[in-house]
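The numbering of the sequence shown is full-length UniProt numbering, which starts it at 1 and goes up by one.
Each residue gets a CB set at the ideal place from its N, CA and C atoms; glycine is no exception.
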Amino acid sequence: MEREEQQATALETHSTLRKGGVSPVELGRFYRTILDDGICSNQVELARLFSTSTGVVSKALRASTLPESVITALGGSDRVTFRVAETLAKLLTSLGNDVVCRNAQKIVDGRTLPIAVVLAALADGSAMVHGGRLVSVSVAASGRYLKLEVEPRAMARILSRLAEFSEAIDMSARRICTVSRS
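Here it is in structure tokens:
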């Protein structure tokens, strides 16, 4: 297939991707393929072919290099916007790939979490970030006791700091009881 035909096919594919609301990660992967296959020789030519700015091309290409574990932690490439990709690039540069990827492994289900929460967890390594609760409280059938249900992955950690956990519950209860008396 000659270059003009390849470019025509690439234009058609690009149009389909853009209409489908493709993420910057996927767009960047597409741009990378165009460059690697020699359909365009550089980013300027690629931007001209697709009638877009070199800035968009550059940002999409940068987004396509994000580590897969980080994309997975966010809940998939469809949740990566240009702004999120830029924030992730800064995190990866300042903290390093190893740290951010290690933090990404701690995130159980990023799709159910707000992007800001996932970004914070990627930055500071917040342990056991997931969509559900670590501890659920319910009233026992007798109505006299509170029942705590703890996620299995959190149980050992909570038990190792039971006094601190108990104190936090007591302080919360005192604060609630003080407020309700007023």
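Taking its Cβ as the centre, do 16 or more other Cβ atoms sit within 10 Å of residue i, making it buried, or is it exposed?
{"i": "Ile176", "result": "exposed"}
{"i": "Gly96", "result": "exposed"}
{"i": "Gly110", "result": "buried"}
{"i": "Ser160", "result": "exposed"}
{"i": "Ser182", "result": "At Ser182 the pLDDT is 48, less than 50, meaning the model places this residue with poor confidence; the figure from the coordinates comes in the next sentence. Burial call: exposed."}
{"i": "Asn103", "result": "buried"}
{"i": "Ser15", "result": "exposed"}
{"i": "Pro114", "result": "exposed"}
{"i": "Lys19", "result": "exposed"}
{"i": "Ser41", "result": "exposed"}
{"i": "Tyr31", "result": "buried"}
According to DSSP, is residue i helix, strand or coil?
{"i": "Lys59", "result": "helix"}
{"i": "Ser182", "result": "With a pLDDT of 48 at Ser182, under the threshold of 50, the modelled position of that residue is not reliable, and the figure given next carries that caveat. Correct three-state label for Ser182: coil."}
{"i": "Glu151", "result": "coil"}
{"i": "Ile107", "result": "strand"}
{"i": "Ser136", "result": "strand"}
{"i": "Leu66", "result": "coil"}
{"i": "Glu164", "result": "helix"}
{"i": "Glu45", "result": "helix"}
{"i": "Ile39", "result": "coil"}
{"i": "Leu91", "result": "helix"}
{"i": "Leu122", "result": "helix"}
Take residue i as the anchor and find which of the options has the nearest alpha-carbon.
{"i": "Cys101", "options": "Ser64, Thr72, Glu26", "result": "Thr72"}
{"i": "Asp37", "options": "Ala104, Thr54, Ala10, Ala116", "result": "Ala10"}
{"i": "Leu92", "options": "Arg32, Val108, Arg79, Ala120", "result": "Ala120"}
{"i": "Gln7", "options": "Glu151, Phe50, Leu66, Val137", "result": "Phe50"}
{"i": "Ser136", "options": "Ser23, Pro152, Gly20", "result": "Pro152"}
{"i": "Asp78", "options": "Val117, Asp124, Leu27", "result": "Leu27"}
{"i": "Lys90", "options": "Val57, Thr65, Gly75", "result": "Thr65"}
{"i": "residue 192", "options": "Gly143, Phe82, Ser142, Glu86", "result": "Past the boundaries of the shown model lies residue 192; the chain is included only from 1 to 182, so the question cannot be answered."}
{"i": "Arg3", "options": "Ser58, Glu45, Arg62", "result": "Glu45"}
{"i": "Arg62", "options": "Thr13, Ser142, Ala85, Leu148", "result": "Ala85"}
{"i": "Val99", "options": "Pro67, Val80, Glu164, Val108", "result": "Pro67"}
Check the DSSP bridge columns for residue i and list the partner residues they point to.
{"i": "Leu146", "result": "Val139"}
Between residue i and residue j, how many whole angstroms is the CB-CB distance? I'm expecting something under 8 angstroms.
{"i": "Val57", "j": "Leu122", "result": "Their Cβ separation, rounded to whole angstroms, is 25 angstroms, which puts Val57 and Leu122 out of contact at 8 angstroms."}
{"i": "Lys106", "j": "Gly76", "result": "Contact doesn't hold; Cβ gap of about 17 angstroms is too wide."}
{"i": "Ser53", "j": "Ala47", "result": "6 angstroms"}
{"i": "Ala156", "j": "Leu134", "result": "With 8 angstroms as the limit, Ala156 and Leu134 do not qualify as a contact, their Cβ atoms being about 12 angstroms apart."}
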